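*Asks:* Residue numbers (this note's numbering): 107 to 300. Glycine included, every Cβ here is placed at the ideal spot set by N, Cα and C. Since the model is a prediction, treat every value here as computed from it, not as a measurement.
1) Pairs of beta-carbons, one from the segment 253-260 and one from the segment 269-277, closer than 8 Å: are there three or more?
2) Can residue 280 and residue 176 be called in contact, C-beta distance under 7 Å?
3) Using only CA atoms, which one of 174, 141, 172, 198 lies nearest to residue 157?
4) Only counting runs of 4 or more residues, tell me where the alpha helix (DSSP H) segments fall wholly within the segment 143-229, in order along the chain.
5) Considering just the uninterrupted stretch of the beta strand (DSSP E) at residue 292, what are its terminal residues?
6) Who are the near neighbours of residue 134 in its chain, counting only those whose CB is closer than 8 Å to its CB and skipping five residues on each side?
7) What do you reckon, are the CB atoms on residue 169 and residue 248 nearer than 7 Å?
8) With a Cβ-Cβ cutoff of 7 Å, do residue 205 and residue 182 count as a contact?
9) Answer with buried or exposed for residue 145, where buried requires no fewer than 16 other C-beta atoms within 10 angstroms of its C-beta.
10) Which of the three DSSP states, helix, strand or coil, is assigned to residue 267?
11) Could you spell out the range, first to last residue, of the beta strand (DSSP E) harbouring residue 137?
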């Protein structure tokens with residue numbers, strides 16, 4: 107009996123070590139890293155989900171935080187590093203369509219008056235996302251840097267630019283995490299609730 111228990115303990119320990127050692131995991135064919143780094147600061151995966159519309163998978167999205175949280179309000183109000191990654195999975199997503207979808211999501215989150223407040227930032231976002239064509243496999247990282255209170259945008263690890271403003275960051279992340287998100291199921295996935 108002792109030998110069986112020892113063997114079971116060894117198998118369990120080896121299985122656990124393999125799971126912990128995994129640096130990425132796969133969701134619908136997309137490799138999602140468990141951690142990312144921004145300016146020397148490590149962020150861990152908080153949650154991940156698939157954004158779909160009309161039965162079409164558009165992108166896999168992941169939320170990274172410096173500290174795990176299921177509190178959307180706390181995340182939106184936080185002034186620490188955080189990042190959203192968008193892994194494009196559909197050929198239907200062009201740079202223009204991505205920009206328009208983000209604008210619609212933000213309008214749903216902050217309302218029309220909020221959109222007027224952020225018109226300058228939205229034009230900057232459109233410019234930064236449309237400098238080159240978007241295709242399947244592209245990965246956008248939209249990272250909040252508390253040092254200069256700006257949203258840094260990279261595409262396939264290439265820096266595209268940044269948009270200043272803590273209030274814009276809250277409105278932008280509100281696309282997915284506000285009281286009126288673009289997709290409630292995706293919100294729960296990003297918060298690690300699904």
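*Replies:* In terms of the structure at hand:
1) yes
2) Along the chain shown, read from residue 1 onward, the residue named residue 280 stands at position 174. Along the chain shown, read from residue 1 onward, the residue named residue 176 stands at position 70. No, these two residues do not count as a Cβ contact at 7 Å.
3) Translated into the one-based positions of the chain shown, residue 157 becomes position 51. Per the C-alpha coordinates, the member of 174, 141, 172, 198 positioned closest to residue 157 is 198.
4) Fully enclosed alpha helix (DSSP H) runs of 4 or longer: 178-183, 201-223.
5) Residue numbering aside, residue 292 sits at position 186 when the chain shown is read from its first letter. Not the beta strand (DSSP E): residue 292 falls in the alpha helix (DSSP H), residues 290-296.
6) For the purposes of this step, residue 134 is identified with residue 28 of the chain shown, where counting begins at 1. Result list for residue 134: 156, 163, 166, 195, in chain order.
7) Counting from 1 along the chain shown, the entry for residue 169 is found at position 63. Counting from 1 along the chain shown, the entry for residue 248 is found at position 142. Going by C-beta atoms, residue 169 is not nearer than 7 Å to residue 248.
8) Along the chain shown, read from residue 1 onward, the residue named residue 205 stands at position 99. Along the chain shown, read from residue 1 onward, the residue named residue 182 stands at position 76. No; because the gap between Cβ atoms is not below 7 Å, this pair is not in contact.
9) By 1-based counting over the chain shown, the position of residue 145 is 39. With fewer than 16 Cβ atoms within 10 Å of its Cβ, residue 145 is classed as exposed.
10) Locating residue 267 in the chain shown gives position 161, counting from the first residue. Strand.
11) Counting from 1 along the chain shown, the entry for residue 137 is found at position 31. Counting along the chain, the beta strand (DSSP E) containing residue 137 begins and ends at 136-139.
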